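Okay, so here's the structure we're looking at.
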Amino acid sequence: MLSKHQKERYSRQILSPFIGEDGQEKLSKIKVLQIGAGGLGSPFAFYLVAVGIRELTIIDNDTVSISNLQRQILYNENHIGIEKIQVAKEVLSNFNSEVTINVYKDYIDENSIKKYIIDQDFIVDCSDNFKTKFLVNKIAVEYNLKCVIAGIKDFFGQIMTIDPKRTACYQCVFNEPETINQESGPLPVIGVTPGILGTLEALEVIKTSLGLPNLENKLLMVNLINLMFDKIDLVKNENCICSR
Ligand SMILES: [Zn+2]
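The sequence shown lines up with residues 27 to 270 when you count with the numbering used here.
Written out as structure tokens, the structure reads:
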């Protein structure tokens, strides 16, 4: 049951025929594991916490620098040099004290992730590199966790949602690079791009939780130069890790 306070706080979304009190109750039980607290992770966390999920667990290993501020809207000039997770915890807890915010300074690999995935409903990639995206996908498949993965570069982005037993996974669509080029340097990006893609990641978690149409078996390609949003149909690959 929603409390009187919850009914008031979320009244405008409860009015939506797509949500209602039943939908809000579903949202209030959702637990999400978020990998990365940067450009994608900032709007993602804000909108999920705003909608009133139960618990958000954020893993990040970085500190705030001045070049982050044009896109990582969780942070401001006073946060430069401070751990992102520390700021994220404070900002998001003040934003909505009803949502439990857990933060961990950690680097994700196949072993370290295990202690964070217990009881989660979703794992969401908000990282800035392919290696982590493939790893998040592998973990989603191995532990049968629903998953959202997005990627951005410059004015362009892409996003998909995965329910590992039923739908195409990230590895069905993309080939894992054999070597990750560490010396390629920072990619170009305008803050609006992760702003939109990170917001879409939050939307996917919300709509998937509510049983509304989502990006399962679809890859949404976003071109913000020409303002084109193209959905490509995906098919599960029988030889992929998700089909074993
Ligand atoms: Zn697959």
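Just so it is clear, CB atoms sit at the ideal spot from N, CA and C, and this is done for glycine as well. None of these values were measured; they are calculated from a predicted model.
Delimiting residues of the alpha helix (DSSP H) encompassing residue i
i: Glu230; result: 218 to 236
i: Asp48; result: 46 to 53
Three-state class that DSSP yields for residue i in the structure shown
i: Cys198; result: helix
i: Glu242; result: strand
i: Glu109; result: strand
i: Ala176; result: strand
Cβ-Cβ distance between residue i and residue j below 8 Å
i: Lys262; j: Ala194; result: yes
i: Val125; j: Lys110; result: no
i: Arg80; j: Ser54; result: yes
i: Val58; j: Val231; result: yes
i: Phe336; j: Ile216; result: The chain is shown from 27 up to 270; residue 336 falls before or after that span and cannot be answered.
i: Lys179; j: Pro214; result: yes
i: Asn122; j: Gly78; result: yes
Element boundaries [beta strand (DSSP E), containing residue i]
i: Phe70; result: Counting along the chain, Phe70 falls outside any beta strand (DSSP E), though it belongs to the alpha helix (DSSP H) covering 67 to 77.
i: Lys164; result: First-last for Lys164: 156 to 169, but that is the alpha helix (DSSP H), not the beta strand (DSSP E).
i: Gln307; result: The displayed coordinates of the chain run from 27 to 270. Any statement about residue 307 would go beyond what the structure contains.
Cut-off 8 Å between Cβ atoms - residues of its own chain near residue i, not counting five sequence neighbours on either side
i: Leu260; result: Met186, Thr193, Ala194, Cys198, Val199, Asn243, Lys244, Leu245
Cutoff 7 Å; reference residue i; Cβ partners in own chain excluding five residues on either side
i: Phe160; result: Tyr196, Gln197, Glu202
Assigned exposure category for residue i - 16 Cβ within 10 Å defines buried
i: Pro43; result: exposed
i: Ser235; result: buried
i: Lys33; result: exposed
i: Leu15; result: With the chain covering 27 to 270 only, the question about residue 15 has no answer from this structure.
i: Arg97; result: buried
i: Lys30; result: exposed
i: Tyr133; result: exposed
i: Pro239; result: exposed
Interface flag, residue i vs chain B, CB-CB below 8 Å
i: Val125; result: Considering every chain present, this structure includes no chain B. It has just one protein chain.
Own chain, CB closer than 6 Å to residue i, minus 5 neighbours either side, in chain order
i: Val113; result: Tyr101, His105
i: Cys173; result: Ile149, Ala166, Ile188
i: Val248; result: Gly183, Phe255
i: Asp151; result: Ile61, Lys159, Val162, Ile175
i: Ile127; result: Leu82, Lys115, Leu118, Ser119
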